[in-house]
Structures are given as structure tokens and as C-alpha cells.
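Residue numbers (full-length UniProt numbering): 1 to 280.
Rendered as C-alpha cells:
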């Protein structure tokens, strides 16, 4: 039978001088009740060895003070007792990751991170704990992790769920079916109430949003109409002024025309006088 249960959670922790973040502590405490938690320091190549050792000690001290139970590799089997004891003392594991391969001076290609001062090898135990972590999880303790998940973590979860349903660990047969049916009915009733509430909240939110949109639409319409009225007023004023200018221009043209005619009449009279004098 294939098991879909999660047996390992590697909690990636950031290097911080002040220790773990409050969110990390809360997350690790809750997850430790449901899965085997193994703390891992990410990007451990960003600090020196002395600071890394101090940070490891600080993390373990904070985990103990907050009563967070991380996974301890079993030491009751003599064949792996020494190796697991070393792995327990190495926690939290300080790892380095890289997707690049670098050729060393001896021609060997290794997975590493390159820096101006040299390289940090992912699979070199002098540089990081990646090899220890891989050995601990995949090669040495994979069965122990699965067994604890099934026999301890899942059983604790199962008993807690039965207790929440007011059922005993040994309840079987009609009594268990009756309690399960009753609990299922409670869940269905609770779900129905929550569904109605969610629908009502959604409808209320939708109506509120529609009202806000209508108000915005009316406000935009008022702004547009106000602007249109202002433009119309300006246009009318410009049109009136244009007509006034046209009337003034027409009056000026009529005045000039009268002056021209007067001058022409005066010229005609003067010419007539000159001709009359010449005839005499």
C-alpha cells in the first residue's frame, strides 16, 4: 500500500544575528506536532565558521527554550548509533546549494558555488553539512522516519480526532458508526450555516460594491455635466462677442463708406468749379 504521508519537513532558517524569527518559532512548533521537523540553515556560506557555530547553538537553545521538539535520529540501533549521534550533534544542518559544476585544479568536476576567493563545494563536508543531511535522510534513517510518522505522529493525530468526535480509541461497530454519523451531521449542519453566511456576506459585499460604483458613476457624470455647462457658457459668450465684433465692423464699414462718398461729392464740386473758371 502506497503511503502519501509526509515524513520529513526540512525547515529552512535564515542567518540572523538576533536568532530565529517569531514566525519561524510558531511554524516549527505547529509542524512538529504533525511531521518530523529537521532544522536546516540555508545559504550557510554567507558567514564564517565561528559565527555559524554560534548561530547553530543559538538556534538549538531557542528551540529548547520554546519547547519545540525537532526530530532526533534514533541511537538505539548499534549499527547506526554513532553515525546518528554525530548527525544529532550537527543539527541544525548548514547547507549550500548550487546548480553549477566547477572543474577543480585536478580536473575533477564538482557541484559548487564560485567566488572571487575560491569555491564552496556542496558535497564537501569541510564546507557544509549537505552530505550529512543526505546520509541521514536517504540512506540511514528513511525507515525510522516513516515508522515514527506512522506509529507516533499519525497515531497522535488519530487519537486527537477521535477525542474531538467524543469517541474512544477502541470504539468499533454500530457505536462507532453512530458517533461518526452524528459527527458528520454536525459538520454538514455547520457547513450549511457557514455556506449561508458566506453567501450573505458575498451578496452584501456585492451590493456595497455596486452602490460604490453607482456613486462614482454619478460623481463622474456630475463632473462631466459641470464641465459641459462651463464649455457651453464660454461658447455662448464667445458667440455673443463675435456678433458684437461683427456689428462694430459693419458700423465702421458704413461710416467709412459715407466718408468716401462725401469726399467724392466734394471732389466733384471742386472739379466743377475749376472747369467753370477755366471757361471764363
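In this text, a Cβ means the ideal position worked out from N, Cα and C, and glycines have one as well.
{"Query": "Among 243, 256, 67 and 38, nearest to residue 7 - alpha-carbon criterion", "Result": "38"}
{"Query": "Buried/exposed call for residue 268, threshold 16 Cβ in 10 Å", "Result": "exposed"}
{"Query": "Presumed contact (8 angstroms Cβ cut-off) between residue 111 and residue 103, rounded CB distance", "Result": "The pair is not a contact, with the Cβ atoms about 12 angstroms apart (cut-off 8 angstroms)."}
{"Query": "Counted within 10 angstroms of its Cβ, other Cβ atoms place residue 191 as buried (16 or more) or exposed", "Result": "exposed"}
{"Query": "Whole-angstrom distance between residue 185 and residue 12, CA atom to CA atom", "Result": "41 angstroms"}
{"Query": "Endpoints, the alpha helix (DSSP H) within which residue 156 is located", "Result": "154-164"}
{"Query": "Through-space distance from residue 36 to residue 68, alpha-carbon basis", "Result": "11 angstroms"}
{"Query": "Contacts around residue 66, its chain only, beta-carbon distance under 8 angstroms, and the 5 residues preceding and following it disregarded", "Result": "25 and 29"}
{"Query": "C-beta contact flag for residue 92 and residue 84 at 8 angstroms", "Result": "no"}
{"Query": "Local conformation of residue 34 per DSSP, three classes", "Result": "coil"}
{"Query": "Under the three-state DSSP convention, the category residue 115 falls into", "Result": "strand"}
{"Query": "Residue 187, DSSP secondary structure in three states", "Result": "helix"}
{"Query": "Status (buried if at least 16 other CB within 10 Å, exposed otherwise) for residue 150", "Result": "exposed"}
{"Query": "Cβ separation of residue 162 and residue 34, assumed to be a contact under 8 angstroms, to the nearest whole Å", "Result": "Their Cβ separation, rounded to whole angstroms, is 16 angstroms, which puts residue 162 and residue 34 out of contact at 8 angstroms."}
{"Query": "Cut-off 7 angstroms between Cβ atoms - residues of its own chain near residue 72, not counting five sequence neighbours on either side", "Result": "88"}
{"Query": "Simplified DSSP assignment, three categories, for residue 218", "Result": "helix"}
{"Query": "Counted within 10 angstroms of its Cβ, other Cβ atoms place residue 228 as buried (16 or more) or exposed", "Result": "exposed"}
{"Query": "Sequence-distant residues of its chain with Cβ nearer than 7 angstroms to residue 130 (five each side left out)", "Result": "95, 96, 122 and 123"}
{"Query": "Contact check, residue 23 vs residue 9, beta carbons under 8 angstroms", "Result": "no"}
{"Query": "Residue 45 burial status per 10 Å Cβ neighbour count (16 or more: buried)", "Result": "buried"}
{"Query": "Backbone secondary structure at residue 94 - three-state DSSP", "Result": "strand"}
{"Query": "Option in 211, 120 and 253 with minimal Cα separation from residue 49", "Result": "120"}
{"Query": "Of the listed residues 21, 239, 78 and 14, nearest to residue 47 (C-alpha basis)", "Result": "14"}
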